[in-house]
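Peer 1: Take the numbering used here: the last position of the sequence shown gets the number 335, and nothing is skipped along the way.
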Amino acid sequence: MNIKQKHTDLIKTEATRLGFLSCGISKAEFLENEAPRLEKWLNNNMHGEMQYMENHFDKRLDPTKLVEGSKSVISLLLNYFPAQEQKDKTAPKISKYAYGNDYHFVIKEKLKGLLDFIQEEIGEVHGRAFVDSAPVLDKAWAARSGLGWIGKNSNLLTQQVGSFYFIAELIVDLELEYDSPVTDHCGSCTACLDACPTKAIVEPYVVDGNKCISYFTIELKDNIPAGFKGKFDNWMFGCDICQDVCPWNRFSQPHREPLFDPHPDLLEMTMKDWEEITEDVFRKVFKNSAVKRTKFSGLKRNINFLKTSS
Ligand code: B12
Ligand code: SF4
Ligand code: SF4
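1) Taking Cβ positions, are residue 98 and residue 179 nearer each other than 9 angstroms?
2) With a Cβ-Cβ cutoff of 9 angstroms, do residue 282 and residue 105 count as a contact?
3) Mind pulling the alpha helix (DSSP H) runs of 4 or more residues that sit fully within the region 243 to 296?
4) Check whether the region 235 to 242 and the region 68 to 75 touch, using three or more Cβ-Cβ pairs below 8 angstroms as the test.
5) Extract the residue ranges of the alpha helix (DSSP H) inside the region 108 to 194, only unbroken runs of 4 or more that lie entirely within it.
6) So residue 284 and residue 139 are in contact, right, with Cβ under 8 angstroms, and what is the actual spacing, rounded?
7) Cα separation between residue 77 and residue 26?
8) For a test of your reading of the model: does the CB of residue 167 fall under 8 angstroms from any non-hydrogen atom of ligand 2? Yes or no.
9) With residue 98 as the anchor, note down where its beta strand (DSSP E) starts and where it stops.
10) In whole angstroms, give me the CA-to-CA distance for residue 150 and residue 212.
11) Would you decide whether residue 85 is buried or exposed? Buried here means 16 or more other CB atoms lie within 10 Å of its CB.
12) If you run the structure through DSSP and keep just helix, strand and coil, what is residue 237?
13) Can you list every residue whose CB sits closer than 5 angstroms to some heavy atom of ligand 3, going in chain order?
14) Hey, how far is the Cα of residue 336 from the Cα of residue 103?
15) Using DSSP with H/G/I as helix, E/B as strand and the rest coil, what is residue 197?
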């Protein structure tokens with residue numbers, strides 16, 4: 026066995042041991058196909074107020090500009106599909122990814138573990154860990170590395186486990202064996218486009234961030250535009266509709282990461298509990314959660330928006 030293959034096998038085995046769903050590897054190079062798409066998306070203002078998306082255009086498309094001397098992008102998936110969902114079906118909804126502890130911290134620890142392992146087992150390897158934290162096109166790298174295809178809802182998707190997982194990367198200066206992309210299995214399906222209540226999937230594979238419930242409820246600092254009243258289908262933090270309707274998500278399996286388990290109260294809270302939520306309850310239920318991104322005031326804004334929508 027050649028040395029690159031041996032290193033690749035070691036890394037993939039350790040990734041599985043750390044709890045990642047899968048690991049795929051690509052050569053670190055310029056993302057030629059994605060460049061015009063990203064440019065168009067930005068020019069059409071589909072990032073809305075997410076100004077960070079305008080920054081570091083060149084680095085976002087070329088990992089060798091982000092991590093000097095880098096040779097490989099190691100992409101990793103971590104499942105967050107919960108075993109149980111919110112009990113009160115009339116309660117405002119929270120996206121499944123935000124039930125437990127903030128994934129940025131959970132994944133960073135695992136990535137650090139993988140990088141330490143590489144340095145111990147393979148030698149002097151330089152690299153950096155990324156989880157939604159820097160200008161990296163997570164989905165594009167995962168797709169290149171054969172971890173799934175980018176579906177018409179623009180999420181990375183697999184036939185085996187659907188799309189309810191996070192994507193992260195290690196970008197390293199080590200040459201490895203590279204994977205190949207898998208084929209697109211969306212076929213003639215349009216379930217996600219048809220189900221999106223704000224028509225944010227403006228054409229297959231393109232999401233106008235500016236129209237997405239996830240953007241309004243998490244990213245937007247101002248008031249939610251009144252024109253979207255009645256269209257949120259009761260989502261108060263994020264939105265899972267275009268994934269819930271995806272036929273491949275029938276194959277989602279519950280995660281086994283205890284840190285992603287929700288605070289016990291979260292699943293029990295009723296519509297009334299959410300409408301009357303206090304800052305103390307918010308702090309308790311969302312202690313280490315990504316929901317803290319909206320702050321108490323943001324979540325209240327979202328709940329009030331839903332209340333005045335119906
Ligand atoms: C900005 C952002 C958002 C924005 C914009 C969404 C978007 N689609 O870009 C908002 C706030 C709306 C958002 C929402 C969500 N997000 Co988000 N988001 C990001 C972020 C930070 C950047 C994405 C990006 O670069 N967008 C720029 C545009 C240009 O890229 P794109 O939509 O991916 O476009 C590509 C494809 O459309 C493709 N394409 C275009 N045309 C065509 C044509 C063909 C034929 C093909 C094949 C491809 C293709 O090329 C483009 C460039 O690669 C990433 C993290 C990261 N650093 O990558 C997370 C990320 C994409 N988000 C994630 C998640 C989980 C979500 C939500 C599900 C959360 C929720 N439940 O509320 C929703 C899903 C909404 C949706 N349907 O996309 C995960 C996705 C995991 C997965 N399985 O794919 C990521 C990867 C975070 C992570 N590290 O895990 N998000
Ligand atoms: S997350 Fe919701 S609002 Fe955004 S594209 Fe998907 S279905 Fe539409
Ligand atoms: S719902 Fe259908 S079109 Fe949309 S991503 Fe899933 S398989 Fe593809």
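Glycine residues also receive a C-beta, built at the ideal position from the N, C-alpha and C atoms.
Peer 2: On the basis of the coordinates in this document:
1) no
2) yes
3) 266 to 269 and 289 to 293
4) Taking 8 angstroms as the limit for Cβ pairs, the verdict is that the region 68 to 75 does touch the region 235 to 242.
5) 128 to 146 and 163 to 169
6) 17 angstroms between Cβ atoms; not a contact.
7) 44 angstroms
8) no
9) 97 to 104
10) 41 angstroms
11) buried
12) coil
13) 176, 177, 178, 211, 214, 216, 217 and 271
14) Past the boundaries of the shown model lies residue 336; the chain is included only from 26 to 335, so the question cannot be answered.
15) strand
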